[in-house]
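Okay, so the sequence shown: first residue is 43 according to this note's numbering, each after it adds one. Where is the CB? At the ideal position from N, CA and C, for every residue including glycine. Below: one structure, written as structure tokens.
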Amino acid sequence: MMIKIQVKHFFSIFVLGCRTAPADLVFILDGSYSVGPENFEIIKRWLFNITSNFNIGPKFIQVGVVQYSDYPVLEIPLGFYDSNENLIREMAYVQYLGGNTRTGRAIQFAMDHLFAKSERFLTRIAIVLTDGKSQDEVKEVAAEARRNKITLFAIGVGSETEEDELKAIANKPSSTYVFHVEDYMAISRIREVIKQKLCEESVCPTRIPVASRDEKGFDILLGLDVKKKVKKRIQIPSTNVKAYEIISRVDLTELTRNVFPEGLPPSYVFVSTQRFKVKKTWDLWRILSQDGIPQIAVTVIGEKKTLSFTTTDLVNGGQVVTFTAPRVKTLFDQGWHQIRLLVTEADVTLYIDDQETETKPLHPVAGIYISGVTQIGKYTGKEETVQFDVQKLRIYCSPEQNSRETACEIPGCKNGPSDVGSTPPPCICPPGKQGPPGHKVRQEGLGERCLWGQDGWDTTSRLTIATIVHFPHIFTIHVFIEVLMATK
43 MMIKIQVKHF FSIFVLGCRT APADLVFILD GSYSVGPENF EIIKRWLFNI
93 TSNFNIGPKF IQVGVVQYSD YPVLEIPLGF YDSNENLIRE MAYVQYLGGN
143 TRTGRAIQFA MDHLFAKSER FLTRIAIVLT DGKSQDEVKE VAAEARRNKI
193 TLFAIGVGSE TEEDELKAIA NKPSSTYVFH VEDYMAISRI REVIKQKLCE
243 ESVCPTRIPV ASRDEKGFDI LLGLDVKKKV KKRIQIPSTN VKAYEIISRV
293 DLTELTRNVF PEGLPPSYVF VSTQRFKVKK TWDLWRILSQ DGIPQIAVTV
343 IGEKKTLSFT TTDLVNGGQV VTFTAPRVKT LFDQGWHQIR LLVTEADVTL
393 YIDDQETETK PLHPVAGIYI SGVTQIGKYT GKEETVQFDV QKLRIYCSPE
443 QNSRETACEI PGCKNGPSDV GSTPPPCICP PGKQGPPGHK VRQEGLGERC
493 LWGQDGWDTT SRLTIATIVH FPHIFTIHVF IEVLMATK
């Protein structure tokens, strides 16, 4: 007797962040002789891991794939697949070409046959991955792509790539858009960096002028129209820097969708330069859901002279960490100070006046609802505005800006402005011990493939999982489970 239990469940809460940001993303992959079939399989697995971090579909990211050697081949049309599982299944069928390396022709092909045919006027991103010098011209065609508002990343693999050619392909600055790894096994080390960069491009379209470069991010004072709402300007002592004097009659509130239209990236830097005037509990910055629940907040606890950070929690809804290091007390001396929070997927680190102060671990976070409001200078749990002075309130989407940011807008600055201009090297830790093999399951049309997991499914049971999406920064779950149980 065959008992078939079929459970179908679809549940979607539209929380915004990198996972849901709409964009057109095209991978342009070198399939020449120098790559080889084994390395090409590594590239495909790398693509699986990158694309699994994003929702695929007409309202989200659409992915296309071009493989090239002497001629480009359209492997996956842009937007042809509307789900992660269908896209990944099709990628598995892509076969290695072999041939010469004509990168310029491939970029032109992507422009003409993918981006030009997209009906969405959204963020356009192309990632060129190559292991050799192109045998045709790339500089002019890459410049044309950038003129068409296509953001180009260039990833060079091995010693045969030319740095100047990679720089000619990619957007500027090269420190942001050019990557190099020693071999194909090493491309897994830049997976998280590439994921973060893609998030920055899709979620953070705005650029903030900083020193000699423009940084992607959000100027919260600009987003809340502080210049128009706050009439009185003051000057920070011993500097030429102007600031705003916030009084209780001013309401600094804006719809979150107008400030963070696509949510926030998984990692970012919060920077605020201010002077506290009250010793009570209040929120320097907060994002509230439509029902008034704090999703993100930087809270000043004047009575205890501490600082707390609130963010979302994928499991419990919300989490709060409190900074209690001795240096935190200096924020309450009625002088000017800079607060900087480096927020990553694993932890949050507090810097006060350029000095690293304290790090707290974080649970995996979800995205944010944008149907509520964003506010600054509000008493916690109330709508009353706090009296304080503020010069800067920003979110930088790149964690690298943390090392470039200084506190030179306040008296006693120790570190001058710096433009590091280099991407930190990815982790080069050796891989850990390989885990036990999963049990083989036959998926229709795909042959034998292995599932993750532990011992447990016997020979009389078969489990097919078509889709499970459970990633940080988006509380969206798509589940389709089919269990076949055979009994005699």
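On the CB-based measure, 16 or more other CB atoms within 10 Å of its CB, does CYS60 come out buried or exposed?
As a first step, residue 60 is located in the sequence shown; it is residue number 18 there, counting from the start. Buried.
Can you tell me whether ILE276 is buried or exposed? The criterion is at least 16 other CB atoms within 10 Å of its CB, across all chains shown.
Counting from 1 along the sequence shown, the entry for residue 276 is found at position 234. Burial call: exposed.
Could you tell me whether the segment 412-431 touches the segment 305-324, using the rule of 3 or more Cβ pairs below 8 Å?
Three or more beta-carbon pairs separated by less than 8 Å link the segment 412-431 to the segment 305-324, which places the two stretches in contact.
Where does the unbroken alpha helix (DSSP H) through PRO79 begin, and where does it stop?
Working through the sequence shown from its first residue, we reach residue 79 at position 37. First-last of the alpha helix (DSSP H) with PRO79: 79-93.
Less than 8 Å between C-beta atoms, sequence neighbours within five positions excluded: which residues of the same chain meet that for ILE129?
As a first step, residue 129 is located in the sequence shown; it is residue number 87 there, counting from the start. Looking at the sequence provided, one finds Leu at residue 129 rather than Ile. Closer than 8 Å at Cβ, skipping near neighbours: THR93, ILE98, VAL105, ILE118, TYR123.
Can the beta-carbon of LEU194 be found closer than 7 Å to that of ALA185?
The residue labelled residue 194 in the question sits at position 152 within the sequence shown. The residue labelled residue 185 in the question sits at position 143 within the sequence shown. No, they are not a contact pair.
What are the boundary residues of the beta strand (DSSP E) that includes HIS405?
In the sequence shown, counting from the first residue as 1, residue 405 sits at position 363. Where HIS405 is concerned, there is no enclosing beta strand (DSSP E), given that its DSSP letter is neither H nor E.
With distances taken Cα to Cα, identify the nearest neighbour of THR298 among GLY141, GLY360, ILE329.
Looking up residue 298 in the sequence shown gives position 256. Among GLY141, GLY360, ILE329, the Cα nearest to that of THR298 is on ILE329.
With burial defined as no fewer than 16 other Cβ atoms inside 10 Å of the residue's Cβ, what is the status of ILE70: buried or exposed?
As a position in the sequence shown, residue 70 is number 28, starting the count at 1. By the neighbour-count definition (other C-beta atoms within 10 Å, threshold 16), ILE70 is a buried residue.
Do you know how far the Cα of THR401 is from the Cα of VAL340?
Within the sequence shown, the letter at position 298 stands for residue 340. Within the sequence shown, the letter at position 359 stands for residue 401. Going from the Cα of VAL340 to the Cα of THR401 covers about 15 Å.
I'd like to confirm the pairing. Which residues does DSSP put opposite TRP324 in its beta bridges?
In the sequence shown, residue 324 corresponds to position 282, counting from 1. In the DSSP assignment, TRP324 is bridged to VAL342, TYR421.
Kindly list the residues whose CB is nearer than 7 Å to the CB of ASN213, restricted to its own chain and excluding five residues on each side of it in sequence; keep chain order.
For the purposes of this step, residue 213 is taken as residue 171 along the sequence shown, with counting starting at 1. Taken in chain order, the residues that qualify are ARG188, THR193, LEU194, TYR219.
Should ALA449 go down as buried or exposed, given a rule of 16 or more other Cβ atoms within 10 Å for buried?
Along the sequence shown, one-based indexing puts residue 449 at 407. With 16 or more other Cβ atoms within 10 Å, it is buried.
Could you tell me whether the Cβ atoms of GLY259 and TYR438 are closer together than 7 Å?
To locate residue 259, count along the sequence shown from 1; it is residue 217. To locate residue 438, count along the sequence shown from 1; it is residue 396. In this structure, TYR438 lies closer than 7 Å to GLY259 by Cβ.
For PRO453, does the three-state DSSP call read helix, strand or coil?
The residue you call residue 453 lines up with position 411 of the sequence shown. Here PRO453 sits in coil by DSSP.
Helix, strand or coil for SER176 per DSSP?
Mapped onto the sequence shown, residue 176 falls at position 134. It is coil, neither helix nor strand.
What residues match up with LYS284 in a beta bridge as DSSP calls it?
Against the sequence shown, residue 284 aligns to sequence position 242. LYS284 pairs with GLN277.
Flag this pair as yes or no: are the beta carbons of GLY141 and SER111 separated by less than 7 Å?
For this step, residue 141 is matched to residue 99 along the sequence shown. For this step, residue 111 is matched to residue 69 along the sequence shown. Yes, these two residues count as a Cβ contact at 7 Å.
I'd like to check one pair, GLU243 with THR165: are the Cβ atoms closer than 7 Å?
Residue numbering aside, residue 165 sits at position 123 when the sequence shown is read from its first letter. Residue numbering aside, residue 243 sits at position 201 when the sequence shown is read from its first letter. Against a cut-off of 7 Å, the Cβ pair of GLU243 and THR165 comes out as a contact.
Where does the unbroken alpha helix (DSSP H) through ALA185 begin, and where does it stop?
Position 143 of the sequence shown holds residue 185. Element bounds for ALA185: 181-189.
I'd like the span of the alpha helix (DSSP H) that includes PHE151, first residue to last.
Indexing the sequence shown from 1 puts residue 151 at position 109. Start and end: 145-155.
Of all the options ILE169, GLU204, ASP293, which has the alpha carbon lying nearest to the alpha carbon of SER176?
Taking the first residue of the sequence shown as 1, we reach residue 176 at position 134. The candidate whose alpha carbon is nearest that of SER176 is GLU204.
At which residues does the alpha helix (DSSP H) containing ALA210 begin and terminate?
Within the sequence shown, residue 210 is the residue found at index 168, counting from 1. Unbroken alpha helix (DSSP H) run through ALA210: 205-211.
Do THR352 and VAL362 have their beta-carbon atoms positioned less than 7 Å apart in this structure?
If you number the sequence shown from 1, residue 362 lands on position 320. If you number the sequence shown from 1, residue 352 lands on position 310. It is a contact, given that the beta carbons lie within the stated cut-off.
Let me make sure I understand the geometry here. Which of THR354, GLU345, THR323 has the alpha-carbon closest to that of ILE335?
As a working mapping, residue 335 is identified with position 293 in the sequence shown. Closest by alpha carbon: THR354.
Just verifying my parser: in three-state terms, what is the DSSP assignment at SER350?
By 1-based counting over the sequence shown, the position of residue 350 is 308. DSSP places SER350 in strand when its eight states are reduced to three.
Just how far apart, CA to CA, sit VAL535 and THR422?
The structure shown does not extend to residue 535, since the chain spans only 43 to 530, so no value can be given for it.
Please name the residue, chosen from ARG369, LEU392, ILE343, TRP378, that lies closest to LYS420 on a Cα-to-Cα basis.
In the sequence shown, the residue the question calls residue 420 occupies position 378. Checked all of ARG369, LEU392, ILE343, TRP378; the closest Cα to LYS420 is ILE343.
I need the DSSP call for TYR75, collapsed to helix, strand or coil.
Looking up residue 75 in the sequence shown gives position 33. The answer is coil: DSSP assigns TYR75 none of H, G, I, E or B.
Do the CB positions of ASP66 and LEU120 come within less than 7 Å of each other?
Here residue 66 refers to the residue found at position 24 of the sequence shown. Here residue 120 refers to the residue found at position 78 of the sequence shown. Yes, Cβ-Cβ distance for ASP66 and LEU120 is below 7 Å.
Could you tell me the alpha carbon to alpha carbon distance between VAL223 and ILE197, rounded to whole angstroms?
In the sequence shown, residue 223 corresponds to position 181, counting from 1. In the sequence shown, residue 197 corresponds to position 155, counting from 1. Going from the Cα of VAL223 to the Cα of ILE197 covers about 8 Å.
Work out the CA separation of GLU127 and VAL68 for me, nearest whole Å.
Numbered from its first residue, the sequence shown carries residue 68 at position 26. Numbered from its first residue, the sequence shown carries residue 127 at position 85. The alpha-carbon atoms of VAL68 and GLU127 are separated by roughly 17 Å.
Is ALA196 helix, strand or coil by DSSP?
Working through the sequence shown from its first residue, we reach residue 196 at position 154. It is a strand residue.
Unbroken alpha helix (DSSP H) runs of length 4 or more, entirely within the segment 357-390: which are they?
none
I'd like the span of the alpha helix (DSSP H) that includes GLU132, first residue to last.
The sequence position of residue 132 within the sequence shown is 90, counting from 1. 126-134 is the span of the alpha helix (DSSP H), which, as asked, contains GLU132.
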